[in-house]
Amino acid sequence: MSKPVVVLATSNGTGLGHLSRQLAVGHALRDDAEPVYFSLSRAVGVIRHQGQRGEYAPSRERGWIPTHLWHHYLRDRLTAFVAETKAEAVVFDGVVPYEGLLLARARLPGVRFVWMRRGFWRPGARTAPLAAAPLFDLVLEPGDFAAAGDNGATAHRTDAVRLSPITQLEYLDLLPREEAAAELGLDPGRPTALVTLSSGVLNDVVTPGAAAVTALLEDPDWQVAVVRSHIAAGRIPLSDESRCVELAGVYPLARYLAAFDAAVAAGGYNSVHELLTAGVPTLFVPNPTSGTDDQPARTRWLADQGFARHADASDLDDVRRLARELHDEHERERLRKACAELPKPGGSREAAEQVARLLRNAPRPLDPAPYRRLRAKSAMVRVLGPKGMAVARKALRKPPAAGPTAPLAVTVVPDAADGEPAAPQALPDGVRPLHLTEDFGQVQHSADPVEHLITGASDDYRKRRETILRQYYDVRAVGA
C-alpha cells in the first residue's frame, strides 16, 4: 500500500529557516508519508541535496505576476500541485498564510491543512495573519531555546501545539572535524571561526561582518570561513585571503559544524538552534529588521542566560570586542558547557507524529462563511484591477504596490528534449523569455520569469500548467 503524500510548503522568507525546518519534518515523516515540497523561496533547489522532489512558485516580490492577480495565481498553482501529487495534507511553514493559500484550501476540502507558525514575533509586527489560525486543521509551533524570553504576539496564545525545537541535527550526522575542514578547504589544525550573518536581503550584513572578520583575524593562528547564502544580497569582504575561505552555497551547513571552534552569526531560528545544539561557542549579531522574527530578543535572552554572547549590529566596537573574546579558550569552554545543558531538539519527530495522526482521521468539515468572505474580497481586488487598487491604497495611506500592473508579454521557452535548459532566443522588444523547466538552477539565477515543474510531471499536469501560465502572462509564442 502506497504512503499518503504530504506537501511541505514554505513562504519566500529571507533565508533558509523555513526550508530547513520542512526538510527536517520531511525526514521524520518518511515512515508514514511521502513528502514533496512546494516553495516560494528561490533557494528551494537545496532540497536536491537530500534527494527530495518539489516545485518552485514565484513570490509576489519576484515581480513577474501582477499584484492584483498573484493570490489567484498561487491558488491555482497549489491546487494543481496537490492534484498532481495526490497529496492528502499541506503543511505550510511561514508567518503569513497567504490569501492564495487559503483560497486553495477552500478548493480542497478533502485535504488537511497545517500551519507551522514560528514564535518570537517582534513588537509592532502585523498580527492580522493570526486570525487565519481557525482555518487550519492544526497549528504547530516549533520550540525555541529562548522561549522563556518570548513576549511576542504568539507567546500566550493557546491555538497551537507547542513542539520541541526543530533542527536538521535531529537526523544529520556531523562530519568529523578533519573531513569537514577538508571539504570546506580549511586547515583542520588551526582554530577556525565561522561568520554567517544571514542573506542581507533585509539588512546590512557587510559592515558588521567585516568588523567581525577583521577582529577574528587579529590572532595570527586563526582562520575564518565566511558564509554566502544561496540568496545573498551582499558579500562580506575577506580581509586576508590566505586565512579566509568563502563558503558559497554550502548546504546543509549543519553537517560541517565540527570544523569550527567559534562562530559569529545572525539570530535567526535556524542558526541559533544548529549552532547551540552542536555546542559551537557563538557571538550572535542579530538582524534587527527580520520581518516578524524578534532576533534581538531571542539572542539577548540566550546571552543573559549564559548560552551565547550578543552584540548589536550597529555597535561595531562591541562586535569587534566580543569577536576577539572568542579567541579565549576558557570563554569558549564555558559556552560549550552551557550549551551541553540545553535540551536536545526533537520537534521534527513530534511534528511528523502530529501530521501522521491527522492523516489517520477524516478531514475536518470546512465552515463556508470565512471562505465566502475571502472569495468576495479576492474577487473585488480582481475587479478593481491595478488602477482601482492604486486609488484604494492611496486612500488607506499605503505605498503603491510593487510589480507589473499588467501581465508580462512572454515567449514560453520549454526545456530541450534532453531536459537541459533551452538555448537563448532573439525576441521582439518588450517580450521576455519565460522558462518552463524542471531545472532548479533557472529558479535561483534567472531574472526572467520561470515556471518550474516537479521532476517527472505528468502530461496532464504540464497541460494544466500551460493553461495557468496563459491566464497570468501575455503569451506571444511557445518555443519548440
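In this note's numbering, the protein residues as written are 268 to 747. Yeah, the Cβ is synthetic: ideal placement off N, Cα and C, and Gly gets one too. Owing to the predicted nature of the structure, the values given are computational and were not obtained by experimental measurement.
Bounds of any alpha helix (DSSP H) do not take in residue 559, whose DSSP letter is neither H nor E. If one requires a minimum length of 3 residues, the beta strand (DSSP E) runs lying completely within the stretch 645 to 721 are 676 to 681, 699 to 704 and 717 to 719, in chain order. Its chain contains 586, 587, 588, 590 and 591 as the residues whose beta carbon lies nearer than 8 Å to that of residue 482, once the 5 sequence neighbours on both sides are disregarded; these appear in chain order.
Cβ contact annotation for residue 330 (same chain, cutoff 8 Å, sequence separation greater than five): 669, 670 and 671, in chain order.
Considered as a whole, the stretch 424 to 498 harbours 428 to 432, 459 to 463 and 490 to 495 as its complete beta strand (DSSP E) runs of no fewer than 3 residues, in chain order. Three or more beta-carbon pairs drawn from the stretch 701 to 716 and the stretch 731 to 745 are found closer than 8 Å, and the two stretches are therefore classed as touching. Look at the stretch 367 to 426 and you find these whole runs of beta strand (DSSP E), each 3 residues long or longer: 379 to 383 and 405 to 410. In the DSSP assignment, residue 323 falls within the unbroken beta strand (DSSP E) covering 321 to 323. If you ignore the 5 residues before and after residue 449, its C-beta comes within less than 8 Å of the C-beta of 455, all in its own chain and listed in chain order. Pairing residue 678 with residue 648 gives a Cβ-Cβ distance that is not under 8 Å. Within the stretch 284 to 324, the complete beta strand (DSSP E) segments at least 3 residues long are 301 to 306 and 321 to 323, listed from N- to C-terminus. Secondary structure of residue 363 (DSSP, three-state): coil. If you draw a 10 Å sphere on the C-beta of residue 571, you find fewer than 16 other C-beta atoms in it, and that means exposed.
Approximately 5 Å separates the beta-carbon atoms of residue 380 and residue 403; this is inside 8 Å, confirming the contact. Secondary structure of residue 525 (DSSP, three-state): helix. With fewer than three CB-CB distances shorter than 8 Å, the stretch 535 to 552 does not count as touching the stretch 504 to 518. Within the model, the alpha-carbon separation for residue 472 versus residue 416 is close to 25 Å.
By the neighbour-count criterion, in which a residue is buried when 16 or more other Cβ atoms sit within 10 angstroms of its Cβ, residue 302 is buried.
In this structure, the straight-line span from the alpha carbon of residue 729 to that of residue 310 is close to 23 Å. A direct Cα-to-Cα measurement between residue 274 and residue 559 gives close to 24 Å. Its chain contains 413 and 416 as the residues whose beta carbon lies nearer than 6 Å to that of residue 568, once the 5 sequence neighbours on both sides are disregarded; these appear in chain order.
With the rule of 3 Cβ pairs closer than 8 Å, the stretch 601 to 615 counts as touching the stretch 540 to 547.
Distance check between residue 286 and each of 631, 426 and 519 places 519 closest, using alpha-carbon atoms only. Scanning its chain for C-beta atoms nearer than 8 Å, with the 5 sequence neighbours on each side dropped, one finds around residue 353 the residues 272, in chain order.
Take residue 367, set aside five residues on each side of it, and the residues of its chain with a beta-carbon closer than 6 Å to its own are 338, 341 and 342, in chain order. Comparing alpha carbon positions, the residue from 601, 475 and 563 closest to residue 529 is 601. With fewer than 16 other CB atoms across the displayed protein chains lying within 10 angstroms of its CB, residue 636 is exposed.
Under the three-state reduction of DSSP output, residue 585 falls in the helix class.
Under the three-pair Cβ rule at 8 Å, the stretch 391 to 411 does not count as touching the stretch 642 to 662. Under the 10 Å beta carbon count, residue 561 is surrounded by 16 or more other beta carbons and is classified as buried. With contacts defined as CB atoms closer than 8 Å, residue 313 and residue 349 fail to qualify as a contacting pair. With respect to residue 460, residue 531 sits close: the two C-beta atoms are nearer than 8 Å. Secondary-structure assignment with DSSP links residue 543 through no beta bridge to anything. Per DSSP, reduced to three states, the secondary structure at residue 517 is coil, with no helix or strand assignment. Contact annotation, residue 427 with residue 397: C-beta distance approximately 10 Å; criterion of less than 8 Å not satisfied. In the three-state reduction of the DSSP assignment, residue 618 falls in the helix class.
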